[in-house]
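J.:
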Amino acid sequence: MTVQIEARSITKSFGHTPALRGATISAGRGEILAIMGPSGSGKSTLLHCLAGILTPDGSEVWFAGHRLDSQNEAARSTVRRDTFGFVFQFGQLVPELTAQENVALPLLLSGIRRKQALQEAQQWFPRLELEGLENRRSGELSGGQAQRVALARGMVNRPEVLFADEPTGSLDSVSGEHVMNLLTAAAREHGTTVILVTHEARIAAYADREVIVRDGLVSSLTGAEAA
Amino acid sequence: MSVPLTLLGLLEREPSHGYDLKRDYDAYFGRGKPLPYGQVYATLSRLARDGMAIAGAAEPGEGPERKRYSITPVGISEVGSWLAEPAAPEPHLQTVLFAKVVLSLMLDRPAAGYLDKQRAAHLQRMRELTALKQEGNLVDIMLADHGLYHLEADLRWIDHTVARLDALRKLVQK
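Residue numbers (the numbering used here), protein chains in the order written: chain A, 105 to 331; chain B, 3 to 176.
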């Protein structure tokens, strides 16, 4: 499998507190990779470094054969906007916008005209079983609906990598399962690589492979490697 | 799981032949472990002997015994009691996992490595069950969920144990 995104022995500290102490991880094109680990182990920091949101203190992050960490913020921002998608634990929808406008947001930020962006956004509503909710604002959506809107927003620009940080963490088990079924189906259909941070084994079981982060290091003896 | 009471429960729906009971048992509860015909008929005979079912007259036809069985009021009462009674919670205190961890620590063998491998094996099984859920009907999904939640409980225990290995080592190496 072609490596799509990779971190090589990265380190990251916040003040004097080390979060990552030489973490190495890679995901193939179209692979769904779960990052597990206890609270405070560094798994979210690892996701943010992979996504170019945080710059590691040491070593390298590669995406599609190019160094990501050494690019300036503007260049990394372009990569994030055009080729990455994001889903977070609490959806983080913009409350003033409708669900459809929220989904269209990445397209609007990429410079696509409003009408076209809204049209493309609309196509995700039936796919994610959100028909009829296009004009609702986030306060008028259930947790599961809001998270599916967030998923649509994460997928609308057909990202090469979708970063999902505890995407079901705020949902009950049935709603969480619904989101994961839709997330994995959409990712597989588009060949999107998914980096999924979760502390729930049942959610990690949707991935092709999992790694565990402990004390800022990625455990090598997990998932398909050890199975 | 009690095969006699489950068959008796299936019989409460309507009088049935052994064949019908086996078919429904295998569909809902067998899951890769179909009930042998011999066990079905032996069980039905015992239920009849114990007054919980009544066998009708033998019907003409090929194949194994063709009798239609009906449940009796005693059988209905037995099924009702069984369904209302909570199953004994099984704490699984002496599992193989636990024994392996403690022995590994006692013998100064790599308990963390074993737990990592066990974790990977559990997650592999969880992936298989999750994949089954994508294709299965609601009965398959519910059975897979039951397995998934139990495996998840084991995994939580594994994570908890990994975090406490040093303390446990000190205790068992005394």
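In this text, a Cβ means the ideal position worked out from N, Cα and C, and glycines have one as well.
Looking at chain A, is there any beta carbon in it that lies within less than 8 Å of the beta carbon of tyrosine 21/B?
T.: In the second sequence, the residue the question calls residue 21/B occupies position 19. No, tyrosine 21/B lies away from the interface with chain A (no Cβ there is under 8 Å from its Cβ).
J.: Taking only beta carbons into account, state which residues of the stretch 304 to 319 of chain A come closer than 7 Å to chain B, listed in chain order.
T.: Within the stretch 304 to 319 of chain A, the qualifying residues are Ala305, Arg306, Ala308, Ala309, Tyr310, Glu314.
J.: Check whether the stretch 259 to 269 of chain A and the stretch 298 to 317 of chain A touch, using three or more Cβ-Cβ pairs below 8 Å as the test.
T.: Yes, the stretch 259 to 269 of chain A touches the stretch 298 to 317 of chain A.
J.: In the DSSP assignment, what residue or residues form a beta bridge with alanine 111/A?
T.: Counting from one through the first sequence, the residue named residue 111/A turns up at place 7. Answer is Ile129/A, Val165/A.
J.: Tell me, which residues are paired with aspartate 269/A by DSSP?
T.: In the first sequence, the residue the question calls residue 269/A occupies position 165. Bridge partners of aspartate 269/A: Val301/A.
J.: Buried or exposed for histidine 19/B, please, with buried defined as at least 16 other CB atoms from any protein chain shown within 10 angstroms of its CB.
T.: For the purposes of this step, residue 19/B is identified with residue 17 of the second sequence, where counting begins at 1. Buried.
J.: Can you find a CB in chain B that lies within less than 8 Å of the CB of serine 323/A?
T.: Position 219 of the first sequence, counted from the start, is the residue given in the question as residue 323/A. Yes - at least one Cβ of chain B is within 8 Å of the one on serine 323/A.
J.: Determine the chain B residues that contact proline 142/A at a beta-carbon separation under 8 Å, and present them in chain order.
T.: By one-based count along the first sequence, residue 142/A stands at place 38. The contacting residues are Asp161, Ala165.
J.: Which chain A residues sit within Cβ distance under 7 Å of threonine 132/B?
T.: To locate residue 132/B, count along the second sequence from 1; it is residue 130. Within 7 Å Cβ-Cβ: Ala309, Tyr310.
J.: Helix, strand or coil: how does DSSP classify leucine 203/A here?
T.: Taking the first residue of the first sequence as position 1, residue 203/A is located at position 99. The amino acid at residue 203/A is misidentified as leucine; the sequence shows alanine. Alanine 203/A: helix per DSSP, three-state reduction.
J.: Taking DSSP as the reference, what is the three-state secondary structure of methionine 128/B?
T.: Your numbering for residue 128/B matches position 126 in the second sequence. Here methionine 128/B sits in helix by DSSP.
J.: Please report the distance separating the alpha-carbon of glutamate 87/B from that of arginine 48/B.
T.: As a first step, residue 87/B must be located in the second sequence, where it is residue number 85. As a first step, residue 48/B must be located in the second sequence, where it is residue number 46. For glutamate 87/B and arginine 48/B, the distance between alpha carbons rounds to 22 Å.
J.: Are the C-beta of leucine 140/B and some C-beta of chain A separated by less than 8 Å?
T.: In the second sequence, counting from the first residue as 1, residue 140/B sits at position 138. Output row for leucine 140/B: interface = no.
J.: If I'm right that valine 98/B touches alanine 113/B with Cβ under 8 Å, what's the distance once you round it to whole angstroms?
T.: Indexing the second sequence from 1 puts residue 98/B at position 96. Indexing the second sequence from 1 puts residue 113/B at position 111. Their Cβ separation, rounded to whole angstroms, is 14 Å, which puts valine 98/B and alanine 113/B out of contact at 8 Å.
J.: Taking only the alpha-carbon atoms, compute the straight-line gap between arginine 25/B and proline 38/B and give it to the nearest angstrom.
T.: Translated into the one-based positions of the second sequence, residue 25/B becomes position 23. Translated into the one-based positions of the second sequence, residue 38/B becomes position 36. Spanning the two alpha carbons is a distance of roughly 11 Å.
J.: In this structure, how does DSSP classify isoleucine 143/B when only helix, strand and coil are distinguished?
T.: Position 141 of the second sequence, counting from 1, holds the residue named residue 143/B. DSSP places isoleucine 143/B in helix when its eight states are reduced to three.
J.: Spatial neighbours of glutamine 175/B within its chain, please: C-beta separation below 8 Å, excluding the five flanking residues on both sides.
T.: As a first step, residue 175/B must be located in the second sequence, where it is residue number 173. Contacts found: Leu107, Met108, Asp110.
J.: Note down, one range per segment and in chain order, each alpha helix (DSSP H) of at least 4 residues found wholly within the stretch 185 to 242 of chain A.
T.: Listed in chain order, they are 203 to 213, 218 to 226, 228 to 231.
J.: Could you pull the start and end residues of the beta strand (DSSP E) that valine 317/A belongs to?
T.: Translated into the one-based positions of the first sequence, residue 317/A becomes position 213. Segment 313 to 318, the beta strand (DSSP E) holding valine 317/A.
J.: Hey, how far is the Cα of glycine 169/A from the Cα of glycine 146/A?
T.: Taking the first residue of the first sequence as 1, we reach residue 169/A at position 65. Taking the first residue of the first sequence as 1, we reach residue 146/A at position 42. Roughly 25 Å separates the two Cα atoms.
J.: Label methionine 284/A either buried or exposed according to how many other C-beta atoms from any shown protein chain fall within 10 Å of its C-beta, with 16 as the threshold for buried.
T.: Taking the first residue of the first sequence as position 1, residue 284/A is located at position 180. By the neighbour-count rule (16 or more Cβ atoms within 10 Å), methionine 284/A is buried.
J.: Express the C-alpha separation of leucine 201/A and histidine 303/A in angstroms, rounding to a whole number.
T.: The count along the first sequence starts at 1 and reaches residue 303/A at position 199. The count along the first sequence starts at 1 and reaches residue 201/A at position 97. C-alpha separation (whole angstroms): 31 Å.
J.: If you count every other CB in all the chains shown that lies within 10 Å of the CB of glutamate 177/A, and 16 or more means buried, which is it?
T.: Position 73 of the first sequence, counting from 1, holds the residue named residue 177/A. Glutamate 177/A should be labelled exposed.
J.: Counting C-beta neighbours from all protein chains within 10 Å, is the total for threonine 106/A 16 or more, i.e. buried, or is it exposed?
T.: Here residue 106/A refers to the residue found at position 2 when the first sequence is read from its first residue. Under this definition threonine 106/A is an exposed residue.
J.: Answer yes or no: does any C-beta atom of chain A fall closer than 8 Å to that of leucine 118/B?
T.: Reading the second sequence from its first residue, position 116 is the one you call residue 118/B. Sequence inspection shows aspartate at residue 118/B; the leucine mentioned does not correspond to that position. So yes, aspartate 118/B belongs to the interface.
J.: Taking the alpha helix (DSSP H) that leucine 9/B belongs to, which residues open and close that run?
T.: Locating residue 9/B in the second sequence gives position 7, counting from the first residue. Where leucine 9/B is concerned, the enclosing alpha helix (DSSP H) stretches over 5 to 15.
J.: For arginine 171/A, name the three-state secondary structure that DSSP assigns.
T.: Start at 1 with the first residue of the first sequence, and residue 171/A comes out as number 67. DSSP places arginine 171/A in strand when its eight states are reduced to three.
J.: I'd like the list of long-range same chain contacts for isoleucine 316/A, defined as Cβ closer than 6 Å, with 5 residues on each side in sequence excluded.
T.: Position 212 of the first sequence holds residue 316/A. The answer, listed in chain order, is Met140, Gly141, Ser323, Thr326.
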